[in-house]
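Read the structure below first, then the notes.
Protein chains: 2
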Amino acid sequence: MFEVYETKERIMADNEAEAAKLRKLLRENGTFMVNLMGSPGSGKTSVLIRTINALKEKYRIAVMEADVESDVDARTINDLGVRVIQLHSGGLCHMDADMTARGVNKLGIEETDLLILENIGNLVCPAEFDTGANLKVMILSVPEGDDKPLKYPLMFTVSDCMLINKIDTLPVFDFDREKCLERARRLNENIVSFAISAETGEGMDEWIEWLSSQIEQWRNSL
Amino acid sequence: MFEVYETKERIMADNEAEAAKLRKLLRENGTFMVNLMGSPGSGKTSVLIRTINALKEKYRIAVMEADVESDVDARTINDLGVRVIQLHSGGLCHMDADMTARGVNKLGIEETDLLILENIGNLVCPAEFDTGANLKVMILSVPEGDDKPLKYPLMFTVSDCMLINKIDTLPVFDFDREKCLERARRLNENIVSFAISAETGEGMDEWIEWLSSQIEQWRNSL
């Protein structure tokens, strides 16, 4: 047998008030915000590119690219012709509401229908922080394994949608979609899931359609 | 063009003194410690299993499994017949020297030649904290992409060894090993790298041989 030892309790700052404030500002501007999360290499930027290209005629889109220090992704997004700001976390592993709000203020959202925050590549920390977004979308890629809901439960618990990406690689990995979804649903019975490949485009239509419907529902509630 | 905005400076606790203390304790016990890092799903546990099976006759091995909250990996390692303790970070995204030292004290290392810390799945935070380990080994898996040194530079800067895992999946991913290594070497010219597959066993011998040589060099220096 082995022991289980709790090394440290998480000390959480009061992030909720900041998130509520930002959510109010977004609402006043009619800006719907998506917080896109996932591990490094899960395909956040590739999914983002396909999503932007599918929706940029319909909505005025802006992107906040959060990275530890590089600006590779912001350059890529900038080339798509949407407004983008690079947010540097200065080594931090997540974006909190305060950092997000500063990004929003810097970027300006007066002319923005859809604002997407590409969070820092990490399955742990970003899950803990409400950024003020209307929708939390997480990406799990097939090569990461179907056991991730067991090991990083909070991300699956807090997300509204789980995109299972890189399904074109299913033949080479031992990944059980049903089992993965069942594990995620045990944590969060309302989680919506789409199997996609940002590489081949498979499944992207369903995801885009669902995202649009979420935006429309929210707009009708304003 | 887009703006680059520094949202927050990292506030680092003084971790160095704790790490030095632990390193001294390990030295007095003749225990060589490895800090194994990598993203969720990069294959830390699979590499660990192969490494333990290859070295458990030669060295008395113990493992500290750090996880946010589950104990799936500790159960797996326990089945190999080596001593293991589960460390729960309580939501935190990394192990620091203090948490590691508490784990070491709880586990006891009197009878241990090789102590392996499987850090929390994360390419960002664990890189920032010296745990007191003699060797920092990171795993990057092929599906994550060869651009990761550009986006998560600190991990590559601080690691002694980069294991490129899942090389059996090279045919299905656009991953350039040379480019990846070149990017890592630009950050850390001394980084040692092995291309392996914990699935097929490919490349494991070279890695095991190198790890053994590191342990032996250290023991000879005691």
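As they're listed, the protein sequences go chains X and V. Sequential numbering from 1 applies to the first sequence in the working numbering. Sequential numbering from 1 applies to the second sequence in the working numbering. Note that beta-carbon positions come from the ideal geometry of N, C-alpha and C, so glycine has one too. These figures come from a predicted structure and were not determined experimentally.
Inset, instruction - May I ask which residues mark the beginning and end of the beta strand (DSSP E) holding X/Leu87? - result: Here residue 87 of chain X refers to the residue found at position 87 when the first sequence is read from its first residue. Run containing X/Leu87: 83 to 88, per the beta strand (DSSP E) assignment.
Legend entry - 3-residue-minimum beta strand (DSSP E) runs that sit fully inside the region 115 to 203 of chain V, ordered along the chain: 135 to 141, 161 to 165, 192 to 195
Legend entry - Within 8 Å, strictly: CB atoms of X/Leu36 and X/Leu114: Against the first sequence, residue 36 of chain X aligns to sequence position 36. Against the first sequence, residue 114 of chain X aligns to sequence position 114. 8 Å or more divides the Cβ of X/Leu36 from the Cβ of X/Leu114.
Inset, instruction - Taking X/Lys21 as the query, report the chain V residues whose CB atoms sit under 7 Å from its CB, ordered along the chain. - result: By one-based count along the first sequence, residue 21 of chain X stands at place 21. Neighbours of X/Lys21 on chain V: none; closest Cβ ~16 Å, over 7 Å.
Legend entry - Cβ neighbour criterion (16 or more within 10 Å) applied to V/Val124: In the second sequence, residue 124 of chain V corresponds to position 124, counting from 1. Classification of V/Val124: buried, given that the 10 Å Cβ count is 16 or more.
Inset, instruction - Confirm, please, whether the CB-CB distance from X/Ile109 to X/Val142 is below 8 Å. - result: Position 142 of the first sequence, counted from the first residue, corresponds to residue 142 of chain X. Position 109 of the first sequence, counted from the first residue, corresponds to residue 109 of chain X. Result no, Cβ atoms of X/Val142 and X/Ile109 do not sit closer than 8 Å.
Inset, instruction - Under 7 Å between beta-carbons, which chain V residues line up against X/Val124? List them in chain order, please. - result: As a working mapping, residue 124 of chain X is identified with position 124 in the first sequence. Neighbours of X/Val124 in chain V, taken as residues at a C-beta separation under 7 Å, are given in chain order as Val68, Cys93, Ile120, Asn122.
Inset, instruction - Provide the residue span of the alpha helix (DSSP H) that contains X/Asn73, from first to last. - result: Indexing the first sequence from 1 puts residue 73 of chain X at position 73. Note on identity: in this sequence residue 73 of chain X is Asp, with Asn being the wrong assignment. Residues 72 to 78.
Legend entry - Alpha-carbon to alpha-carbon, V/Phe173 and X/Asp130: What you label residue 130 of chain X is simply residue 130 of the first sequence in a count that begins at 1. What you label residue 173 of chain V is simply residue 173 of the second sequence in a count that begins at 1. Their Cα atoms are separated by approximately 34 Å.
Legend entry - Cβ neighbours of X/Ala127 in the same chain (closer than 6 Å, five flanking residues each side left out): Position 127 of the first sequence, counted from the start, is the residue given in the question as residue 127 of chain X. Excluding residues within five positions, the ones whose Cβ falls inside 6 Å are Leu154, Met155, Val158.
Legend entry - chain V contacts from the region 14 to 45 of chain X (Cβ-Cβ distance under 7 Å): Ser39, Pro40, Gly41
Legend entry - Element boundaries [beta strand (DSSP E), containing V/Ile61]: Here residue 61 of chain V refers to the residue found at position 61 of the second sequence. Here the beta strand (DSSP E) through V/Ile61 covers 61 to 67.
Inset, instruction - Buried or exposed for V/Pro171, please, with buried defined as at least 16 other CB atoms from any protein chain shown within 10 angstroms of its CB. - result: Translated into positions along the second sequence, residue 171 of chain V becomes position 171. Residue burial annotation: V/Pro171 is exposed, with fewer than 16 other C-beta atoms found within 10 angstroms of its C-beta.
Legend entry - Beta-carbon proximity list for X/Glu9, same chain, < 8 Å, skipping 5 on both sides: Against the first sequence, residue 9 of chain X aligns to sequence position 9. Reliability fails at X/Glu9, whose pLDDT of 34 lies under 50, so the model's placement of it is uncertain and the value that follows must be treated cautiously. Closer than 8 Å at Cβ, skipping near neighbours: no residue.
Legend entry - Nearest residue (CA-CA) to V/Leu211, options V/Asp98, V/Ala198, V/Val192: As a working mapping, residue 211 of chain V is identified with position 211 in the second sequence. Scanning V/Asp98, V/Ala198, V/Val192 for the CA closest to the CA of V/Leu211 turns up V/Val192.
Inset, instruction - Answer yes or no: does any C-beta atom of chain X fall closer than 8 Å to that of V/Arg150? - result: Residue mapping note: residue 150 of chain V aligns to position 150 of the second sequence, counting from 1. The displayed chain sequence assigns Leu, not Arg, to residue 150 of chain V. Output row for V/Leu150: interface = yes.
Legend entry - Rounded separation between X/Arg83 and X/Val68 - CA only: For the purposes of this step, residue 83 of chain X is identified with residue 83 of the first sequence, where counting begins at 1. For the purposes of this step, residue 68 of chain X is identified with residue 68 of the first sequence, where counting begins at 1. If you draw a straight line from the Cα of X/Arg83 to the Cα of X/Val68, it is about 20 Å long.
Inset, instruction - Taking only the alpha-carbon atoms, compute the straight-line gap between X/Glu16 and X/Ser89 and give it to the nearest angstrom. - result: If you number the first sequence from 1, residue 16 of chain X lands on position 16. If you number the first sequence from 1, residue 89 of chain X lands on position 89. Approximately 19 Å, taken between the alpha carbons.
Inset, instruction - Would you check if the distance between the CB atom of V/Ile52 and the CB atom of V/Glu65 is smaller than 8 Å? - result: Taking the first residue of the second sequence as 1, we reach residue 52 of chain V at position 52. Taking the first residue of the second sequence as 1, we reach residue 65 of chain V at position 65. The answer is no: Cβ separation not under 8 Å.
Legend entry - Sequence-distant residues of the same chain with beta carbon closer than 8 Å to V/Ile11, five excluded per side: Numbered from its first residue, the second sequence carries residue 11 of chain V at position 11. Note that V/Ile11 scores a pLDDT of 37, beneath 50, so its modelled location is shaky and nothing firm can be said.
Legend entry - For X/Met33, the three-state DSSP class (helix, strand or coil): For the purposes of this step, residue 33 of chain X is identified with residue 33 of the first sequence, where counting begins at 1. Note: X/Met33 maps to strand in three-state DSSP.
Legend entry - Check whether V/Ala195 and V/Arg177 have beta carbons under 8 Å apart: Numbered from its first residue, the second sequence carries residue 195 of chain V at position 195. Numbered from its first residue, the second sequence carries residue 177 of chain V at position 177. It is a contact, given that the beta carbons lie within the stated cut-off.
Legend entry - Span separating the alpha-carbon of X/Ala20 from that of V/Thr31: Position 20 of the first sequence, counted from the first residue, corresponds to residue 20 of chain X. Position 31 of the second sequence, counted from the first residue, corresponds to residue 31 of chain V. Rounded to whole angstroms, X/Ala20 to V/Thr31 spans 50 Å at the Cα level.
Inset, instruction - Please say whether X/Asn119 and X/Ser39 have beta carbons closer to each other than 8 Å? - result: As a first step, residue 39 of chain X must be located in the first sequence, where it is residue number 39. As a first step, residue 119 of chain X must be located in the first sequence, where it is residue number 119. Not closer than 8 Å, so no.
Legend entry - Neighbourhood of X/Thr45 by C-beta, 8 Å cutoff - its chain only, sequence neighbours within 5 removed: Position 45 of the first sequence holds residue 45 of chain X. Asp73, Thr76, Ile77, Glu118.
Inset, instruction - Could you work out which residues of chain X lie near V/Lys56, taking near to mean beta carbons separated by less than 8 Å? - result: As a working note, residue 56 of chain V is residue 56 in the second sequence. Within chain X, no residue comes near V/Lys56; the closest Cβ sits about 16 Å away, beyond 8 Å.
Legend entry - Spatial distance of V/Thr169 from X/Glu111 (CA atoms): Numbered from its first residue, the second sequence carries residue 169 of chain V at position 169. Numbered from its first residue, the first sequence carries residue 111 of chain X at position 111. Taking C-alpha positions only, V/Thr169 is separated from X/Glu111 by approximately 44 Å.
Inset, instruction - Tell me, please, which residues DSSP counts as bridged to X/Gly38. - result: As a position in the first sequence, residue 38 of chain X is number 38, starting the count at 1. Answer is X/Asn122, X/Ile139, bridged to X/Gly38.
Legend entry - Range covered by the alpha helix (DSSP H) that runs through X/Met99: In the first sequence, residue 99 of chain X corresponds to position 99, counting from 1. Taken as a continuous stretch (DSSP letters only), the alpha helix (DSSP H) holding X/Met99 covers 97 to 107.
Inset, instruction - Using a cut-off of 8 Å between C-beta atoms, extract the partners of V/Asp147 located in chain X. - result: In the second sequence, residue 147 of chain V corresponds to position 147, counting from 1. Simply Val72.
Inset, instruction - Pull up the distance between the alpha-carbon of V/Leu222 and that of V/Leu26, whole angstroms please. - result: The residue labelled residue 222 of chain V in the question sits at position 222 within the second sequence. The residue labelled residue 26 of chain V in the question sits at position 26 within the second sequence. Each residue's alpha carbon lies about 11 Å from the other.
Inset, instruction - Go through its chain and collect everything with a Cβ distance to X/Thr200's Cβ below 8 Å, but skip five positions before and after it. - result: The residue you call residue 200 of chain X lines up with position 200 of the first sequence. Excluding positions up to five away in sequence, the list reads Asp168.
Inset, instruction - Check whether the Cβ of X/Leu222 lies closer than 8 Å to any Cβ atom in chain V. - result: Against the first sequence, residue 222 of chain X aligns to sequence position 222. No, X/Leu222 does not count as interfacial toward chain V.
Legend entry - chain V contacts made by the region 188 to 218 of chain X, where a contact means CB separation under 7 Å: none
Inset, instruction - Return the CA-CA distance between V/Thr7 and X/Gly103, expressed in angstroms with no decimal places. - result: Numbered from its first residue, the second sequence carries residue 7 of chain V at position 7. Numbered from its first residue, the first sequence carries residue 103 of chain X at position 103. At V/Thr7 the pLDDT is 44, less than 50, meaning the model places this residue with poor confidence; the figure from the coordinates comes in the next sentence. Between V/Thr7 and X/Gly103, the C-alpha separation is close to 8 Å.
Legend entry - Three-state secondary structure assigned by DSSP to X/Thr51: Counted from its first residue, the first sequence places residue 51 of chain X at position 51. Helix.
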